[in-house]
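All residue numbers for the sequence shown refer to this note's numbering, where the first residue is 1201 and numbers rise by one. What follows is one structure encoded as structure tokens, with my remarks underneath.
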Amino acid sequence: MAPVPEHQGTTSARRLRVLVTDPIIARWSAVLTSGAPDHDWVFLTDANGEGDEEAQRAAVANCDVLICSRLTAEVAPHVGATLVQVTGAGLDRVAVHALPAGTEVTTTAHHERSIAEHVLLSVMALERQLLVRDRALRSGTWRTLATDPTVPAFRTLDTLTLGAVGVGGIGAETLRLASAWGMDTVAVRGNPEAPLPAGVEPRWVGGSGELPRLLEEADVVVVSVPLNPDTEGLIGAAELTAMKPDAYLVNVARGPVVDQDALYAALTAEAGSPTAIGGAAIDVWWGAPAPGRTPPADHDLAALDNVVLTPHCSGHADSTFAGRAADLAANVERLAAGTPRSGVGNA
């Protein structure tokens, strides 16, 4: 293995070498480069980018700014950049602890609105059995209240209570949109005494100890907390049993925040029984997709009618990535000018 280089820091010149290894944000390269045009932009976003550690190790040693979505513990010590800009809000796929001392790390977001819309879309799809009805009609079956007495009437959003587990950017925007659609809202957060973001007005806000109360009251439980040792397995068998038998769970956090064995058991329990829930929308998973394991779960969730499954794409709006690219470019300019960066993740 090549020796780990000394941490280089920013050169005295204002012109910076910026390395981009995230193939998604590279699609918005015009926003990146036009936002910071006086710098050297290098895009390593094919198989030699975040997938080839040897090539990445050599490249990251020779840059002032690294823009990435993933960084392994094997590559991180070789980073020569003063600034590592993560192209999302989470740091769980970036080995911050393995970076050379003094490396600044920043994050960005802009996915809040897109994910909040996805949450409400998923709730309506579940409540109205949209996917089930679509498949039935495509196969030639016309089944409604008028033709089948077992078909239930659906509920409108203004008759439902949404409970947000986490009131960060995603949770806050979900609460705003839910309220705008007439939903009753409640929430739990780490610090219930902290001021709420503008426009967020749940009926009540509690601390983590109030989670059981939220689960009992909510018709829709939306999980958007970060993944860490305190939140892994946060929603398990006891929590799912505490939910209403016809309630929905929407996970837009990280897969391991929800115990998948317990979730599958709740989704396949007899409808209306104390251990059942009405359905779930899952956009985040328990690992990466692979042949024979797509969607990436240990249970055949794809065989269930009471789920909406998406491939971790709820935040993939054009506005998300354009906003992120603008943030990243602005931070490059701030670094060149010696002014504080936004979105500092390791201050």
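C-beta: ideal position from N, C-alpha, C; glycine also. Nothing here was measured: the structure is a model prediction, and the numbers come from that model.
Give the range of the alpha helix (DSSP H) segment to which residue i is assigned.
i: Thr1441; result: 1437-1442
i: Thr1221; result: It is not in any alpha helix (DSSP H) - Thr1221 carries neither H nor E in the DSSP assignment.
i: Ala1289; result: Taken as a continuous stretch (DSSP letters only), Ala1289 belongs to no alpha helix (DSSP H), as it is neither H nor E.
i: Glu1317; result: 1312-1327
i: Gly1632; result: An answer regarding residue 1632 cannot be provided, because it is not within the stretch 1201 to 1547 covered by the chain.
i: Arg1333; result: 1330-1338
Using a Cβ-Cβ cutoff of less than 7 Å, which residues in the same chain neighbour residue i once the five nearest sequence positions on both sides are dropped?
i: Glu1432; result: Pro1456, Val1457
i: Ala1447; result: Ala1418, Asp1419, Val1420, Val1421, Ile1477, Gly1478
i: Val1319; result: Thr1374, Val1422, Val1450, Val1452
When DSSP builds the beta bridges, which residues end up paired with residue i?
i: Tyr1448; result: Val1420, Gly1479
i: Val1400; result: Val1400 is not bridged to any residue.
i: Asp1461; result: DSSP output for Asp1461 lists no bridge partner at all.
i: Val1544; result: Thr1306
i: Val1405; result: Ala1387
From what residue to what residue does the beta strand (DSSP E) around residue i run?
i: Gln1285; result: 1283-1286
i: Val1351; result: Val1351 -> no beta strand (DSSP E), and no H or E assigned at all.
i: Leu1362; result: 1361-1365
i: Glu1274; result: Glu1274 -> no beta strand (DSSP E), and no H or E assigned at all.
i: Thr1385; result: 1384-1388
Are there 16 or more other CB atoms within 10 angstroms of the CB of residue i, so buried, or fewer, so exposed?
i: Ala1536; result: buried
i: Leu1337; result: exposed
i: Asn1391; result: exposed
i: Ala1276; result: buried
i: Arg1454; result: buried
i: Ala1503; result: exposed
i: Ser1339; result: exposed
i: His1278; result: buried
i: Asp1519; result: Looking at the sequence provided, one finds Ser at residue 1519 rather than Asp. Classification of Ser1519: exposed, given that the 10 Å Cβ count is below 16.
i: Asp1222; result: buried
Near residue i, what residues of its chain come up, given a Cβ to Cβ distance below 8 Å and the 5 sequence neighbours on each side ignored?
i: Glu1317; result: Leu1377
i: Asp1500; result: none
i: Ser1212; result: The predicted position of Ser1212 is uncertain, since its pLDDT is 40 and thus under 50; a value taken from the coordinates is nonetheless stated next. Excluding positions up to five away in sequence, the list is empty.
Enumerate in chain order the residues of its own chain whose CB-to-CB distance from residue i is below 6 Å, with the five nearest sequence positions on each side excluded.
i: Thr1307; result: Val1286, Ala1289, Gly1543, Gly1545
i: Ala1263; result: Just to set this straight, residue 1263 is Cys in the shown sequence, not Ala. Excluding positions up to five away in sequence, the list reads Arg1217, Leu1219, Ala1281.
i: Arg1345; result: Per the sequence shown, the amino acid found at residue 1345 is Leu instead of Arg. Only Val1351 meet the Cβ criterion.
For the ligand NAP, I want to know if residue i counts as a neighbour, meaning its beta carbon is within less than 7 Å of at least one of the ligand's heavy atoms.
i: His1278; result: No copy of the ligand NAP appears in this structure; indeed no ligand is present at all.
| said: As an exercise, report each continuous alpha helix (DSSP H) stretch of at least 4 residues that is fully enclosed by the region 1234-1268, in chain order. | reply: 1253-1260
| query | Can you list, in chain order, the stretches of the beta strand (DSSP E) that have 3 or more residues and sit fully within the region 1463-1541? | reply | 1479-1482, 1507-1509
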